[in-house]
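A.B. asks: Please see the structure below; I have some questions.
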Amino acid sequence: MDRRTFLKSATLPCIVAGAAESDAQFIVEARFYDKLPYKKIKCKLCPRECVIDDRERGYCGVRENRGGVYYSLVHSRVCSAHIDPIEKKPFFHFMPGSLAFSLATAGCNVNCKMCQNWEISQSRPEQVRNTYAPPKMVAQAARQNSCPVIAYTYSEPVVFYEYVMDTADAGHAAGVKSVVVTGGYIQEEPLKQMSRKVDAIKVDLKAYSEKFYQEVVNGELKPVLNALVTLRKQGVWNEIVYLVIPTLNDSDAEFKGLARWVKSELGLDVPLHFSRFHPEYLLKNLPPTPVPTLERAKAICDAEGLHYVYIGNVPGHPAESTYCPKCRRAVVERAGFTVLATRLNKGKCQFCQQTIPGVWEGAVKG
Ligand code: SF4
0 MDRRTFLKSA TLPCIVAGAA ESDAQFIVEA RFYDKLPYKK IKCKLCPREC
50 VIDDRERGYC GVRENRGGVY YSLVHSRVCS AHIDPIEKKP FFHFMPGSLA
100 FSLATAGCNV NCKMCQNWEI SQSRPEQVRN TYAPPKMVAQ AARQNSCPVI
150 AYTYSEPVVF YEYVMDTADA GHAAGVKSVV VTGGYIQEEP LKQMSRKVDA
200 IKVDLKAYSE KFYQEVVNGE LKPVLNALVT LRKQGVWNEI VYLVIPTLND
250 SDAEFKGLAR WVKSELGLDV PLHFSRFHPE YLLKNLPPTP VPTLERAKAI
300 CDAEGLHYVY IGNVPGHPAE STYCPKCRRA VVERAGFTVL ATRLNKGKCQ
350 FCQQTIPGVW EGAVKG
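Numbered by numbering that gives the first Met the number 0, the letters in the sequence shown go through residues 0 to 365 in order.
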């Protein structure tokens with residue numbers, strides 16, 4: 000959905016855009032920071048722990064120190080909104096076939112060279128066109144557009160944390176669930192609070208090597224692995240996506256290391272999506288991922304015993320569907336982002352009664 004439709008559907012009272020906009024309606028005090036001497040602050044939201052002088056912003060560019068008080072500048076400041084199938088996020092074990100009212104603000108706490116949404120993720124809020132969309136309005140827009148889910152996505156929801164938390168509340172009050180699509184670069188306590196607030200979290204695990212995180216992401220792997228373990232302990236529904244990039248994160252050793260780590264730390268049931276890379280942003284020099292590479296990644300993880308390993312961005316591939324790990328029959332059949340059939344009965348395989356983990360309410364029936 001484009002911005003105009005969003006406004007129409009939500010009957011927004013206020014439209015603001017451009018560098019001249021006042022930010023008064025968008026600022027709320029940030030959560031998770033320490034006050035330091037001389038009006039400095041230390042942000043404790045993500046592992047960067049930016050120390051910020053008065054009138055300065057953190058690395059993400061959307062949180063600002065004003066007189067020793069730290070503020071988010073992007074509460075209700077939406078720069079992108081669309082209606083997507085939830086399979087596009089992707090979530091494959093969460094309300095398959097549902098529409099997700101999907102939104103983003105500017106900003107991100109990393110800078111991935113392969114970012115598909117760099118125009119917004121690497122911008123400050125003044126550099127993009129924004130729409131004022133307070134939480135209740137988003138919940139209303141989701142309902143009006145028959146979306147049972149709000150998705151916080153496209154850029155990095157960690158940096159618009161306060162907005163996610165308030166919108167999830169508004170959504171729940173209106174009977175709409177919330178899902179977060181994140182790089183998982185966040186500290187433990189904010190993640191725990193978020194995982195108690197929202198209904199599912201998908202983590203983009205960008206590689207299984209610190210080298211890649213340093214050179215391609217400008218971040219660190221270890222905090223992301225810690226975040227996945229925290230999510231597992233918290234019990235919120237979680238899926239993992241791994242974008243396979245030719246020559247950078249596609250070795251057998253890395254796939255095997257990943258599979259063994261997932262098996263030992265998260266268990267066999269977490270869905271793991273190997274997604275096809277297309278040349279973007281600062282990695283236009285690399286080719287799209289060959290499909291056999293994705294199949295090799297899946298085969299390695301299957302051999303380690305992981306139950307739900309998918310191949311993404313290859314429409315029509317059989318590994319888009321969900322198979323029962325016991326009887327091997329297709330229990331959710333997909334083609335691209337379309338759910339063709341579900342063969343589940345109260346979360347169990349229709350054929351052999353094996354429990355298939357996930358949140359299956361509202362699933363398209365077969
Ligand atoms: S959320 Fe932003 S300001 Fe806070 S530590 Fe991370 S990058 Fe820095």
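Every residue gets a Cβ at the ideal spot worked out from N, C-alpha and C, and that includes glycine.
These figures come from a predicted structure and were not determined experimentally.
Looking only at its chain, what residues have a beta carbon closer than 7 Å to the beta carbon of K384, apart from the 5 residues adjacent to it on each side?
C.D. replies: Because the chain in this structure spans residues 0 to 365, residue 384 falls outside the shown range and cannot be described.
A.B. asks: Less than 7 Å separating the Cβ of L44 from some heavy atom of ligand 1?
C.D. replies: Because some heavy atom of ligand 1 lies under 7 Å away, the Cβ of L44 counts as near it: yes.
A.B. asks: Assuming P189 is part of the alpha helix (DSSP H), what are its boundary residues?
C.D. replies: Element bounds for P189: 187-196.
A.B. asks: With H, G and I counted as helix, E and B as strand and the rest as coil, what does DSSP make of G57?
C.D. replies: Here G57 sits in coil by DSSP.
A.B. asks: Quick one: complete alpha helix (DSSP H) runs, 4+ long, within the region 141-225?
C.D. replies: 160-172, 187-196, all fully within the region 141-225.
A.B. asks: Using the Cα positions of K347 and R231, report the straight-line distance between them to the nearest angstrom.
C.D. replies: Approximately 21 Å between the Cα atoms of the pair.
A.B. asks: Among A199, G182, V197, A226, which one has its Cα closest to the Cα of K205?
C.D. replies: Comparing Cα positions, the closest option is G182.
A.B. asks: Give the DSSP bridge partners of E360, in chain order.
C.D. replies: E360 is not bridged to any residue.
A.B. asks: My understanding is that S177 touches Q233, with C-beta atoms under 8 Å, so please give their C-beta distance in whole angstroms.
C.D. replies: In fact, because the Cβ distance is near 15 Å, the residues do not count as touching under 8 Å.
A.B. asks: Just to confirm, are K41 and V50 a CB contact at a threshold of 8 Å?
C.D. replies: It is a contact, given that the beta carbons lie within the stated cut-off.
A.B. asks: So what's T104 in DSSP terms, helix, strand or just coil?
C.D. replies: T104 falls in the coil class under three-state DSSP.
A.B. asks: Go to G311, then tell me how far its beta strand (DSSP E) extends in each direction, as first and last residue.
C.D. replies: Counting along the chain, the beta strand (DSSP E) containing G311 begins and ends at 308-311.
A.B. asks: Helix, strand or coil for S263 per DSSP?
C.D. replies: The answer is helix: DSSP assigns S263 an H, G or I state.
A.B. asks: Taking just the CA atoms, how far does Y37 sit from P89?
C.D. replies: Roughly 45 Å separates the two Cα atoms.
A.B. asks: Closer than 8 Å is the cut-off here; do at least three beta carbon pairs connect the region 70-80 with the region 203-218?
C.D. replies: Taking 8 Å as the limit for Cβ pairs, the verdict is that the region 203-218 does not touch the region 70-80.
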